[in-house]
Amino acid sequence: MSAALAHASIGSLGMKAVHASECLQAPWGVSSISDDIAHVPLSRDFRAVLYDDAGRGLTYHDLGRMGLSVHAAWDLAARELLAKHSSSEGVEFLVRDAPCVLSGVQGWDIANARQWMAHPSTFTVLHRHLTTLVGPKAELSYAVRPDDEVAVYSCAPGLLRAGLSARGEAADVVAYSLGFPVVR
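The sequence shown begins at -19 in this note's numbering and counts up by one.
What follows is the structure in structure tokens.
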């Protein structure tokens, strides 16, 4: 079955970057790979998980029934995300000031940022947009909190980590690296 035909019968696909620990697979003999949530490694610390339009995590078996490989589904989810947020004026992001204010550092909350971080093509679009907001010479660091919220700050990862630590905030400090989220 072609990817286009499979897509016509499945509705929309979504994706989200999650911490690698959320994708721990059961040992052999306990579960089969077809029961595991389908995911694509993004870096040592993050995985892109796939889900259906109802928000249900898709397994490798689900993707097989749809006639899609995990990579074909991942690419399809990225194209759908870009199409959903594109207009004649470009790609639209919902951005607001970050609730966690760090001394002298500008920060923004990005709606659905984990979706944008789940594929190199979409993360690149997001990162380029943010770079235009702060200027090409500014360094951007992402605070990925356990509650799925992501804020981006115009500072080096070490400065963000220190600022979050001083406030008692828990978050992975992530940098953009060639389209992938990497903990720094």
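Ideal placement from N, C-alpha and C gives every residue a C-beta, glycine not left out.
These numbers were taken from a predicted model, which means no experiment stands behind them.
Just tell me which of the options has its CA closest to the CA of residue i.
i, options, result
"Ala155", "Thr104, Ala0 and Asp127", "Thr104"
"Gly148", "Gln86, Asp77 and Leu82", "Leu82"
"Leu106", "Gly115, Leu43, Arg36 and Ala93", "Ala93"
"Leu22", "Leu144, Gln95 and Arg36", "Gln95"
"Arg45", "Asp15, Val153 and Arg108", "Asp15"
Where does residue i fall in DSSP's three states?
i, result
"Ser66", "strand"
"Gly84", "coil"
"Gly159", "coil"
"Gly143", "helix"
"Gly148", "coil"
"Ser121", "strand"
Where do the ends of the alpha helix (DSSP H) carrying residue i lie?
i, result
"Arg76", "Note, Arg76: premise wrong, no alpha helix (DSSP H); beta strand (DSSP E) at Val75 to Asp77."
Q) Does the pairing of the region 56 to 64 with the region 97 to 115 give three or more beta-carbon distances under 8 Å? A) By the Cβ rule, the region 56 to 64 counts as touching the region 97 to 115, because three or more pairs are nearer than 8 Å.
Q: Scan the region -1 to 57 and note each continuous beta strand (DSSP E) run of 3 residues or more that stays entirely inside, going in chain order.
A: Contiguous beta strand (DSSP E) elements confined to the region -1 to 57 occur at 19 to 21 and 26 to 32, taking only those with 3 or more residues.
Q: Check whether the region 132 to 152 touches the region 115 to 124, taking contact to mean three or more Cβ pairs, one atom from each stretch, closer than 8 Å.
A: They touch, by the three-pair rule.
Q.
If we require 4 or more residues per run, which alpha helix (DSSP H) segments fall completely within the region 83 to 116?
A. Segments of the alpha helix (DSSP H) lying fully in the region 83 to 116: 93 to 96 and 100 to 114.
Q. Do three or more CB pairs link the region -6 to 2 to the region 16 to 35 at distances below 8 Å?
A. Contact between the region -6 to 2 and the region 16 to 35 is present: three or more C-beta pairs spanning the two stretches fall below 8 Å.
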